[in-house]
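Start counting the sequence shown at 1; every next residue gets the next number (the UniProt record's numbering).
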Amino acid sequence: MRGVCVFLLACIMPLSVAMPDRQDPFLWLSALHGRGYNEGSLLADTTGGECPDECDCPPSFPIAMYCDGRGLTAMPTVPSRMKYLYLQHNEITALPDSALANTTNLVWVMLHHNALSTDKIGKRAFAKLQGLERLYLQHNNLTGVPPNLPRSLRDLRLNNNNINKITPEALEGMGNLTILYLHDNALTEMGTSLRGLNSLTLLDVSGNKLKKVPDSLPERIHQLYLESNAISAVPEGFLSKFSQLQYIRMGHNQLTDKGIPPNTFNVTGLVELDLSFNQLERIPPVSQTLEHLYLQANHIKEFTLGSFCSVVDVINFSKLRTVRLDGNEISTGDVPSDSVLCLRMANTIEV
Numbered sequence: 001m002r003g004v005c006v007f008l009l010a011c012i013m014p015l016s017v018a019m020p021d022r023q024d025p026f027l028w029l030s031a032l033h034g035r036g037y038n039e040g041s042l043l044a045d046t047t048g049g050e051c052p053d054e055c056d057c058p059p060s061f062p063i064a065m066y067c068d069g070r071g072l073t074a075m076p077t078v079p080s081r082m083k084y085l086y087l088q089h090n091e092i093t094a095l096p097d098s099a100l101a102n103t104t105n106l107v108w109v110m111l112h113h114n115a116l117s118t119d120k121i122g123k124r125a126f127a128k129l130q131g132l133e134r135l136y137l138q139h140n141n142l143t144g145v146p147p148n149l150p151r152s153l154r155d156l157r158l159n160n161n162n163i164n165k166i167t168p169e170a171l172e173g174m175g176n177l178t179i180l181y182l183h184d185n186a187l188t189e190m191g192t193s194l195r196g197l198n199s200l201t202l203l204d205v206s207g208n209k210l211k212k213v214p215d216s217l218p219e220r221i222h223q224l225y226l227e228s229n230a231i232s233a234v235p236e237g238f239l240s241k242f243s244q245l246q247y248i249r250m251g252h253n254q255l256t257d258k259g260i261p262p263n264t265f266n267v268t269g270l271v272e273l274d275l276s277f278n279q280l281e282r283i284p285p286v287s288q289t290l291e292h293l294y295l296q297a298n299h300i301k302e303f304t305l306g307s308f309c310s311v312v313d314v315i316n317f318s319k320l321r322t323v324r325l326d327g328n329e330i331s332t333g334d335v336p337s338d339s340v341l342c343l344r345m346a347n348t349i350e351v
């Protein structure tokens, strides 16, 4: 570390300062004071413990510890002053209760792309981190949500694991959570695990084994990603209470016309709707405010203009810019000639 500090000093000092007058060995320090530096900013902060040799703790950012991509197999000792901990892209297999017990001010913990399993994470490993906002645990070997996660979390990423069940208690009390990534796991159902997540705006549960839309979706949801599951139907009026929902992706499911109640997707505010790679035979009615519609690779047999516009005049027309209908059972000749009036804003119509 001493060698690194000397190298850094040599880089930031002009030549006349890097080789000071022999009669004043501290002349370089005076020059740095004149440029706004102080000696404390050039020395490693050892508050709460030394920085581990295998990690970097920059003097310019003493509350961050960088241990990413170091080939670690076990947790290093973390000084208590740390707020930002970067441990991604290692081979860490366990997180004992003691690993973060003295580092109670952590705000970010990055543990993605490791080899953590649920049974090797201590039941109290995260319990004292009452100010933790971001926890990244994607690309590990988890089979469940780690216990006693801080209720202060705002961004929780658990995607690309082997999680097959989420208990109601796992996310209970996380009223601050806004982002939840659970995609590419093995979930078959979610029960009431989302209840109480009143701040959640982005939920990604794509790439699981869900057979139905999750219950108790938060009303503030803005982006809902459900693609690549086994969903065949959606509940009656399940979008009616989501005034802020703009993006829905349900491609690569098993949706049929029978499984979509009338006007399910005809809701104001929706910007993007992806129903591609399903089993639909008709174009479902959509709101005139919708801008992007993806229906490719279904079994649609008719271009029903009424699905986009119930009335067409100077002020009533669809805001659709993208319409994907390729890979269905219709061709360009099936598009009505008056669609140019209804879909006057469309840049792309693929059939």
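Glycine is no exception: its CB is placed at the ideal position from the N, C-alpha and C atoms.
Spatial neighbours of residue i within its chain, please: CB distance less than 7 Å, with the 5 preceding and 5 following residues excluded, ordered by chain position.
i: D257; result: L280, E281, R282
i: T289; result: T268, G269, L270, K319
i: P235; result: V213
i: S199; result: G175, N176, L177, T178, R220
i: A101; result: K128
i: G49; result: T77, P79, S80
i: P14; result: Because the pLDDT of P14 is 39, which lies under 50, any placement of that residue in the model is unreliable, and the number read from its coordinates should be weighed accordingly. None.
i: T73; result: E91, I92, T93
Tell me residue i's beta-bridge partners as DSSP assigns them.
i: N141; result: S117
i: D204; result: Y181, Y225
i: I248; result: L224, L273
i: V323; result: L293, I349
i: V109; result: L85, L135
i: L95; result: I121
i: D56; result: Y66
Sorted by chain position, which residues of the same chain lie with C-beta nearer than 6 Å to residue i's C-beta, five sequence neighbours on each side aside?
i: N328; result: N298, I300
i: D155; result: R134, I179
i: residue 378; result: Look at the range of the chain in this structure, 1 to 351, and you will see that residue 378 is not part of it.
i: P284; result: I260, F265
i: N164; result: A186
i: L129; result: L106, P150
i: Y225; result: D204, S206, R249
i: S117; result: N141
i: V4; result: Because V4 sits at a pLDDT of 40, beneath the cut-off of 50, its placement in the model cannot be relied upon, and the point is left open.
i: L305; result: P336, S339, C342
i: G34; result: Summary for G34: the model assigns pLDDT 42, below 50, so the residue's position carries little reliability; its value from the coordinates is reported in the next sentence. Contacts found: none.
i: T348; result: T322
i: P96; result: G122
i: H113; result: Q88, H89, H139
i: R22; result: Unreliable positioning characterises R22 in this predicted model, as indicated by a pLDDT of 38, which lies under 50. The coordinate reading is nonetheless provided below. Once the five neighbours on either side are set aside, R22 has no close Cβ partner at all.
i: R195; result: S216
i: G173; result: R151
i: Y84; result: A64, W108
i: P62; result: D45
i: L171; result: S193
i: Y181; result: R157, N159, D204
My assumption, with CB atoms under 8 Å, is that residue i sits in contact with residue j. Please give the rounded CB distance.
i: L325; j: V351; result: 5 Å
i: P218; j: L239; result: The pair is not a contact, with the Cβ atoms about 13 Å apart (cut-off 8 Å).
i: V312; j: C342; result: 5 Å
i: H183; j: T201; result: No, H183 and T201 are not in contact; Cβ-Cβ is about 16 Å, not under 8 Å.
i: L132; j: L158; result: Not really, about 14 Å apart at Cβ, beyond 8 Å.
i: P146; j: A125; result: 7 Å
i: G168; j: S193; result: The question names Gly, but residue 168 is Pro in the sequence shown. Indeed they touch by this definition, with Cβ atoms about 6 Å apart.
Tell me which same chain residues have a C-beta within less than 8 Å of the C-beta of residue i, skipping the five on either side of it?
i: K209; result: A186, L187, T188, N229, A230
i: Q254; result: A230, I231, S232, N278, Q279
i: F303; result: I283, L325, I330, D334, V335, P336, S339, V351
i: residue 372; result: Because the chain in this structure spans residues 1 to 351, residue 372 falls outside the shown range and cannot be described.
i: Q246; result: H222, Q223, G269, L270, V271, E272
i: G69; result: Q88, H89, N90
i: K211; result: T188, E189, N229, A230, I231, S232
i: A99; result: M75, V78, G122, A125
i: S243; result: E219, G269
i: T47; result: P62, P79, S80, R81
Could you tell me the boundaries of the alpha helix (DSSP H) in which residue i lies?
i: V286; result: Here V286 belongs to no alpha helix (DSSP H), and DSSP marks it neither H nor E.
Between which two residues does the beta strand (DSSP E) containing residue i stretch?
i: residue 376; result: Shown here, the chain extends from 1 to 351; a query on residue 376 therefore has no answer.
i: R154; result: Careful: R154 lies outside any beta strand (DSSP E) and carries neither H nor E.
Is residue i close to chain D? Criterion is C-beta to C-beta, closer than 9 Å.
i: F265; result: In summary, chain D is missing from the structure at hand, where a single protein chain is found.
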